Amino acid sequence: GDFAVEVDTLVIGAGPGGYVAAIRAAQLGQKVTIVEKGNLGGVCLNVGCIPSKALIAAGHKYHDALHSEDIGISVGDVKLDFSKVQKWKSSVVNKLTGGVEALLKGNKVNIVKGEAYFVDETTVRIMDEKSSQTYKFNNCIIATGSRPIELPAFKWSKRVISSTGALALEEVPKKMVVIGGGYIGIELGAAYANLGTEITVLEGGKQILPGFEIQMSQLVSNRLKKNGANIFTEALAKEVEETANGVKVTAEIKGEVQTFDADYVLVTVGRRPNTEELGLEQVGIEMTDRGLVKVDKQCKTNISGIYAIGDIIDGPALAHKASYEGKVAAEVISGHPAEVDYLAIPAVVFSGPELASVGLTEAEAKDAGYDVVVSKFPFAANGRALSLNETDGFMKMVTRKDDGLVLGVQIAGTNASDMISEACVAIEAGMTAEDIAMTIHAHPSLGEITMETAEVAIGMPIHIV
Ligand code: FAD
Numbered sequence: 079g080d081f082a083v084e085v086d087t088l089v090i091g092a093g094p095g096g097y098v099a100a101i102r103a104a105q106l107g108q109k110v111t112i113v114e115k116g117n118l119g120g121v122c123l124n125v126g127c128i129p130s131k132a133l134i135a136a137g138h139k140y141h142d143a144l145h146s147e148d149i150g151i152s153v154g155d156v157k158l159d160f161s162k163v164q165k166w167k168s169s170v171v172n173k174l175t176g177g178v179e180a181l182l183k184g185n186k187v188n189i190v191k192g193e194a195y196f197v198d199e200t201t202v203r204i205m206d207e208k209s210s211q212t213y214k215f216n217n218c219i220i221a222t223g224s225r226p227i228e229l230p231a232f233k234w235s236k237r238v239i240s241s242t243g244a245l246a247l248e249e250v251p252k253k254m255v256v257i258g259g260g261y262i263g264i265e266l267g268a269a270y271a272n273l274g275t276e277i278t279v280l281e282g283g284k285q286i287l288p289g290f291e292i293q294m295s296q297l298v299s300n301r302l303k304k305n306g307a308n309i310f311t312e313a314l315a316k317e318v319e320e321t322a323n324g325v326k327v328t329a330e331i332k333g334e335v336q337t338f339d340a341d342y343v344l345v346t347v348g349r350r351p352n353t354e355e356l357g358l359e360q361v362g363i364e365m366t367d368r369g370l371v372k373v374d375k376q377c378k379t380n381i382s383g384i385y386a387i388g389d390i391i392d393g394p395a396l397a398h399k400a401s402y403e404g405k406v407a408a409e410v411i412s413g414h415p416a417e418v419d420y421l422a423i424p425a426v427v428f429s430g431p432e433l434a435s436v437g438l439t440e441a442e443a444k445d446a447g448y449d450v451v452v453s454k455f456p457f458a459a460n461g462r463a464l465s466l467n468e469t470d471g472f473m474k475m476v477t478r479k480d481d482g483l484v485l486g487v488q489i490a491g492t493n494a495s496d497m498i499s500e501a502c503v504a505i506e507a508g509m510t511a512e513d514i515a516m517t518i519h520a521h522p523s524l525g526e527i528t529m530e531t532a533e534v535a536i537g538m539p540i541h542i543v
């Protein structure tokens, strides 16, 4: 229609940034409308965090069924029905996206289907297939997320796939080339490797998982290689040729040209913010040269009343960061003096073994001018890790020398994704190594590794000398 619908707080995009912002703003008394052009839950629930973790879990269960002879278990006839795996994965996704819808409704958030486009500083147009409607808002939170980067020489096709394509495959490939050894390529590559695919990783840099210390990423490459994967670093993917039922990928590896035949090539070389088709230029919203929206510590853009959160602003493109910023923006809109504090954003790779890191690494702490104590404790010295038959890995704790303040923790090992939360709390609360060392941890548990790493930091570990 011609008239404009008046709304109070408008949220654009219902990913982990947008839906969390909408719920929190409603809890704080705002009247909230959320608009989503695709599925509730965004990338994270539909084609990101959740379905990838489901495939990873299926890979582990299958791999364990085939390879548990060392603890006395051999299974006769292990069958993989991949279409059933995919159905189960989709059912997990549907449960969660249905849950998001129920939560939004339960918090009286008005859900609008369609694509939003800015007309001016207080107006958006929302279009669906049939109609278009103008909305006037008092406050707006932009949370439109990101999408995979397409390489010019590797145009998306049936055989040249993004993470979204890799999550939706109907059969387990015999061979797959993965371009880009970041966490998305390694997680999906490792999941398929566990399901029986021979994977070849082509990473341009000197190591896979470049955000992590080499001793950590090395454990992941070793495990992958043990599962039959080929990993090439300093490898530049050049071109792809589609064959009758597959691809031939050409790469230059340390100066030498090599070709790889595969069923699919998965391209995971980064993500691009969804900021181009929003009409942001009509509003004069300031952007960075990388196409990200510029915001201050309250997630405010340069235009009063317009906020931005999640993958479209600076910082690691992670779901928990998007949700955190969503809560801050909702509080600011509701008149609270909230600000983001990025001291303790965890980063996790759900690889084998898992990697997790929060706060400063040893190198970062030294660069920042801290005098540090670095302590380390191996999983192999922990009773729980041994009794899980998961002894690969270690925890590393970086503390300030004069008072033991915890500055950072890095973990490589099983369940690192859950263990890192204790380190997040410690850093957020300003705890020292002694505080952690004197906290009673349940026995036997992987959590004791955190206690013992803290004991190493204060020079008195019980279970290593
Ligand atoms: P998104 O989740 O991208 O949501 C944005 C939403 O906005 C989308 O639903 C989109 O349809 C909608 N939208 C866009 N434009 C418009 C418009 N004009 N009008 C209306 N709606 C619009 N992160 C983790 O923390 N842990 C993980 O384990 C993890 N695993 C991942 C695995 C994969 C394979 C991928 C691809 C990503 C993974 N991520 C993970 C990253 C995580 O998914 C993102 O950081 C997160 O989804 C970003 O949230 P967001 O709310 O900013 O945006």
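Last residue of the sequence shown: 543 (our numbering), numbering continuous. By construction, the Cβ of each residue, glycine as well, lies at the ideal position given by its N, Cα and C atoms. For clarity, every value in this text was computed on a predicted model and none was experimentally measured.
Does DSSP put residue i in a helix, a strand or coil?
i      : result
ASP198 : strand
SER401 : helix
VAL153 : coil
LEU280 : strand
TYR97  : helix
ARG350 : strand
ILE387 : coil
GLU265 : helix
PHE160 : helix
SER210 : strand
ALA180 : helix
THR175 : helix
ARG237 : coil
LEU302 : helix
LEU229 : strand
VAL534 : helix
ALA82  : strand
SER523 : coil
VAL170 : helix
SER295 : helix
ILE286 : coil
From the DSSP output, which residues share a beta bridge with residue i?
i      : result
PHE338 : VAL327
LEU88  : THR111 and CYS218
LEU396 : In DSSP, LEU396 forms no bridge with anything.
ILE489 : ALA434 and MET473
PHE455 : MET473
MET544 : The shown model of the chain, from 79 to 543, leaves out residue 544, and the question about it has no answer.
VAL510 : Before going on, a small fix: residue 510 reads as Thr here, not Val. The partner list for THR510 (beta bridge, DSSP) reads LEU483.
LEU344 : ILE239 and VAL256
ALA425 : SER435
LYS378 : TYR385
ARG478 : VAL450
MET365 : VAL371
SER224 : PRO351
Measuring CB to CB, does residue i end up less than 8 Å from residue j?
i      : j      : result
GLY369 : ARG349 : no
GLY437 : GLY486 : yes
VAL556 : SER429 : A question about residue 556 goes unanswered here, because the residues of the chain that appear run from 79 up to 543.
THR111 : LEU144 : no
THR477 : ALA400 : no
LEU229 : VAL327 : no
GLU403 : VAL418 : yes
GLY259 : GLU281 : yes
VAL318 : ALA231 : yes
ALA434 : SER382 : no
SER412 : LEU106 : yes
LYS316 : GLU334 : no
GLY96  : GLY126 : no
THR492 : ALA459 : no
ALA271 : GLY306 : yes
ASN216 : ASP86  : yes
Grab the span of the alpha helix (DSSP H) containing residue i for me, first residue to last.
i      : result
LYS139 : 127-144
MET497 : 494-506
VAL361 : 358-361
VAL543 : Segment: none, VAL543 is in no alpha helix (DSSP H) and carries neither H nor E.
GLY71  : Look at the range of the chain in this structure, 79 to 543, and you will see that residue 71 is not part of it.
Could you spell out the range, first to last residue, of the beta strand (DSSP E) harbouring residue i?
i      : result
VAL318 : 313-321
LYS444 : No beta strand (DSSP E) contains LYS444, which is instead part of the alpha helix (DSSP H) from 440-445.
ASN185 : That residue, ASN185, is in no beta strand (DSSP E); it is neither H nor E in DSSP.
SER241 : No beta strand (DSSP E) holds SER241; the alpha helix (DSSP H) holding it covers 241-245.
LYS253 : 253-257
ILE309 : 308-310
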